[in-house]
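**Student:** Dropping the structure in here first, questions after.
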Amino acid sequence: MHASDPVTRELFDRVMVPSYNPLPVIPVRGEGSRVWDQSGRDYVDFACGIAVSCLGHAHPKLVAALTEQGSRLWHVSNVMANEPALRLAAALCELTFAERVFFANSGAEANEAALKLARKYASDHFGPSKHEIVAFHNAFHGRTLFTVTVGGQPKYTEGFEPLPGGIRHIPYDDLAAAEVAIGERTCAVIVEPIQGEGGIRVPSEGFLAGLRSLCNRHQALLVFDEVQTGNGRTGYLYAYQGMGVTPDVLATAKGLGGGFPIGAMLTTAKIAASFGVGSHGSTYGGNPLACAVGGAVLEIISRPETLVGVRDRGERLRAALATLGQRHGLFRQVRGRGLLIGCELVEPYRGRARELMAVALEEGVMVLAAGLDVLRLVPSLIIPDELLDQGLTRLERAMARFRASAKP
Ligand code: PLP
Numbered sequence: 012m013h014a015s016d017p018v019t020r021e022l023f024d025r026v027m028v029p030s031y032n033p034l035p036v037i038p039v040r041g042e043g044s045r046v047w048d049q050s051g052r053d054y055v056d057f058a059c060g061i062a063v064s065c066l067g068h069a070h071p072k073l074v075a076a077l078t079e080q081g082s083r084l085w086h087v088s089n090v091m092a093n094e095p096a097l098r099l100a101a102a103l104c105e106l107t108f109a110e111r112v113f114f115a116n117s118g119a120e121a122n123e124a125a126l127k128l129a130r131k132y133a134s135d136h137f138g139p140s141k142h143e144i145v146a147f148h149n150a151f152h153g154r155t156l157f158t159v160t161v162g163g164q165p166k167y168t169e170g171f172e173p174l175p176g177g178i179r180h181i182p183y184d185d186l187a188a189a190e191v192a193i194g195e196r197t198c199a200v201i202v203e204p205i206q207g208e209g210g211i212r213v214p215s216e217g218f219l220a221g222l223r224s225l226c227n228r229h230q231a232l233l234v235f236d237e238v239q240t241g242n243g244r245t246g247y248l249y250a251y252q253g254m255g256v257t258p259d260v261l262a263t264a265k266g267l268g269g270g271f272p273i274g275a276m277l278t279t280a281k282i283a284a285s286f287g288v289g290s291h292g293s294t295y296g297g298n299p300l301a302c303a304v305g306g307a308v309l310e311i312i313s314r315p316e317t318l319v320g321v322r323d324r325g326e327r328l329r330a331a332l333a334t335l336g337q338r339h340g341l342f343r344q345v346r347g348r349g350l351l352i353g354c355e356l357v358e359p360y361r362g363r364a365r366e367l368m369a370v371a372l373e374e375g376v377m378v379l380a381a382g383l384d385v386l387r388l389v390p391s392l393i394i395p396d397e398l399l400d401q402g403l404t405r406l407e408r409a410m411a412r413f414r415a416s417a418k419p
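And the structure:
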């Protein structure tokens, strides 16, 4: 291929491993909540690269942080510390329950660190028999073999056996099942405070608090996977801060880098002590570029006015979606917190969320699916009202077209 040859969606099928099936559009530029494709067509972005670009595209403060750090120092490895990583870790400790931070490069890696730490902590303090991890059906924690196994969605583990052992799955939002499953052999319970990929499921009042007290009773660690719910997405810096339950370990990624790859595991000093020198690591985790951008993101998303803005926009968007859903007879329920929103399709259209998502793209608005039945919207935390309205107008056109073409 020559540098001047056109790059097309068709090239994907010729040169990429077929583990994805990307939509036909190839975006080439973004500014705020608007994205342009190769032909110059524009899209309103309600997808944010799967809940990542939390401040939209090319935010001037993030571009400045990246280019400033980019012309100074990209990489040193963990043989030495670096200033942006230490600053970001200190800020995360100031803003959360955490006293110690481990940096990774993705959500899966942050969870992998959390799960390994939980095993190690239990082994250090209680011996090897306390090694069981309790997790939930339909959860999503990443695609490493450990995290995909903990995730408990058979479609992601089939064919990859033998799988890591010592993992139990129970239904989400079922405290009675948790009561039976969590016991003296449990080293950790890992849970998404709101299930993201599993369909934007908000648990009942008392579920997370119930897990907290079961973990306390059995000396198990409560691990919150806040990869999707974190970084302002629900209108709180981390969702736990709006839900009144504090975990022992928290995994974050996605929005923390605003589009630059980064992950982090947050915990207390006592638990962190089980990750002694040499016990876990990553060449790139905590690299200066990612942490400089993460620091700029955190400074903006932790401002009270940003978080209040997320709650206000979320309410407005949910109300507008409920109205559209009624008008077109498509949504059974609109749910979520802040700007993490799911619209569950009514019975005759169940299983077709990805089709609706493709029609929306044709109409000029990027949305996502969460599972087969839920349309997911995760716009920028600072999306202006005009773009919210424009995106909704385009989405309504898509809903009308989808309904006319996708006869139940
Ligand atoms: N955990 C949750 C809750 C997620 O939503 C995701 C990604 O969607 C992950 C973990 C995995 O993150 P990554 O794709 O960065 O490894």
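Per my numbering, the sequence shown runs over residues 12 to 419.
Glycine residues also receive a C-beta, built at the ideal position from the N, C-alpha and C atoms.
Quantities reported herein were computed from a predicted structural model and do not represent experimental measurements.
1) Going along the chain, which unbroken runs of the beta strand (DSSP E) with 3 or more residues stay wholly within the segment 215-252?
2) Taking 7 angstroms as the threshold (C-beta atoms), are G349 and G325 in contact?
3) I'd like the list of long-range same chain contacts for S420, defined as Cβ closer than 7 angstroms, with 5 residues on each side in sequence excluded.
4) Tell me which same chain residues have a C-beta within less than 7 angstroms of the C-beta of R51, skipping the five on either side of it?
5) Are the segment 135-146 and the segment 161-172 touching by the rule of at least three beta carbon pairs closer than 8 angstroms?
6) Please determine whether the Cβ atom of T117 lies at a distance below 6 angstroms from any heavy atom of the ligand PLP.
7) For the ligand PLP, is there any heavy atom lying closer than 6 angstroms to the beta carbon of A199?
8) If you follow the beta strand (DSSP E) that Y54 is in, where does it begin and where does it stop?
9) For F151, count neighbouring C-beta atoms within 10 Å of its own C-beta (all shown protein chains included) and say buried if the count is 16 or more, exposed if not.
10) Looking at the ligand PLP, does it come within less than 6 angstroms of Q239, judged from the CB to the closest heavy atom?
11) Give, in chain order, every unbroken run of the alpha helix (DSSP H) that is at least 4 residues long and sits entirely within the segment 49-129.
12) From V385 to G210, what distance separates their C-alpha atoms?
13) What is the DSSP secondary structure of I211, counted as helix, strand or coil?
14) Opposite G347 in the DSSP bridges: which residues?
15) Name the one or two DSSP bridge partners that I476 has.
16) Please state the DSSP three-state secondary structure of I311.
17) For the alpha helix (DSSP H) that M368 lies in, which residues bound it at each end?
18) From G221 to L186, what does the alpha carbon distance come to, in whole angstroms?
19) Does the ligand PLP have a heavy atom nearer than 6 angstroms to the CB of F113?
20) By a C-beta neighbour count over all protein chains shown, 10 Å radius and 16 as the cutoff for buried, is R130 buried or exposed?
21) Which residue marks the beginning of the beta strand (DSSP E) containing P38, and which one marks its end?
22) Between which two residues does the alpha helix (DSSP H) holding I282 run?
23) Return the CA-CA distance between E110 and P35, expressed in angstroms with no decimal places.
24) Taking DSSP as the reference, what is the three-state secondary structure of G274?
25) Less than 6 angstroms separating the Cβ of E407 from some heavy atom of the ligand COA?
**Tutor:** Looking at the coordinates:
1) 232-236
2) Taking the first residue of the sequence shown as position 1, residue 325 is located at position 314. Taking the first residue of the sequence shown as position 1, residue 349 is located at position 338. Cβ atoms of G325 and G349: closer than 7 angstroms.
3) No answer is possible for residue 420: it lies beyond the span of the chain, which begins at 12 and ends at 419.
4) Stepping through the sequence shown from its first residue, residue 51 is reached at position 40. Correcting the residue identity first, residue 51 is Gly in this sequence and not Arg. Within the same chain, G51 has no close Cβ partners at all.
5) yes
6) What you label residue 117 is simply residue 106 of the sequence shown in a count that begins at 1. The sequence given here has Ser at residue 117, not Thr. Yes; taking the cut-off as 6 angstroms, the Cβ of S117 has a heavy atom of the ligand PLP nearer than that.
7) Along the sequence shown, one-based indexing puts residue 199 at 188. A199 Cβ: outside cutoff for every heavy atom of the ligand PLP.
8) As a working mapping, residue 54 is identified with position 43 in the sequence shown. Per DSSP, Y54 belongs to the beta strand (DSSP E) from 53-56.
9) Indexing the sequence shown from 1 puts residue 151 at position 140. So F151 ends up on the buried side.
10) As a working mapping, residue 239 is identified with position 228 in the sequence shown. Checking the Cβ of Q239 against the ligand PLP gives yes.
11) 59-62, 71-81, 94-106
12) Taking the sequence shown and counting its residues from 1, the one referred to as residue 385 is at position 374. Taking the sequence shown and counting its residues from 1, the one referred to as residue 210 is at position 199. Each residue's alpha carbon lies about 6 angstroms from the other.
13) What you label residue 211 is simply residue 200 of the sequence shown in a count that begins at 1. Coil at I211, not helix or strand.
14) For the purposes of this step, residue 347 is identified with residue 336 of the sequence shown, where counting begins at 1. DSSP output for G347 lists I352 as bridge partner(s).
15) Residue 476 falls outside the range modelled here, since the chain spans only 12 to 419, and no answer is possible.
16) Mapped onto the sequence shown, residue 311 falls at position 300. Of the three classes helix, strand and coil, the one that applies to I311 here is helix, per DSSP.
17) By 1-based counting over the sequence shown, the position of residue 368 is 357. It spans 364-373 - the alpha helix (DSSP H) in which M368 sits, taken as one unbroken run.
18) Mapped onto the sequence shown, residue 221 falls at position 210. Mapped onto the sequence shown, residue 186 falls at position 175. Distance between the alpha carbons of G221 and L186 is about 7 angstroms.
19) In the sequence shown, residue 113 corresponds to position 102, counting from 1. Incorrect: F113 has no Cβ contact closer than 6 angstroms to the ligand PLP.
20) For this step, residue 130 is matched to residue 119 along the sequence shown. Answer is buried; the Cβ neighbour count reaches 16.
21) As a working note, residue 38 is residue 27 in the sequence shown. 38-42 is the span of the beta strand (DSSP E), which, as asked, contains P38.
22) In the sequence shown, residue 282 corresponds to position 271, counting from 1. Residues 280-283.
23) Reading the sequence shown from its first residue, position 99 is the one you call residue 110. Reading the sequence shown from its first residue, position 24 is the one you call residue 35. The alpha-carbon atoms of E110 and P35 are separated by roughly 45 angstroms.
24) Taking the sequence shown and counting its residues from 1, one reaches residue 274 at position 263. Note: G274 maps to strand in three-state DSSP.
25) Looking at this structure, you won't find the ligand COA anywhere; what it does contain is the ligand PLP.
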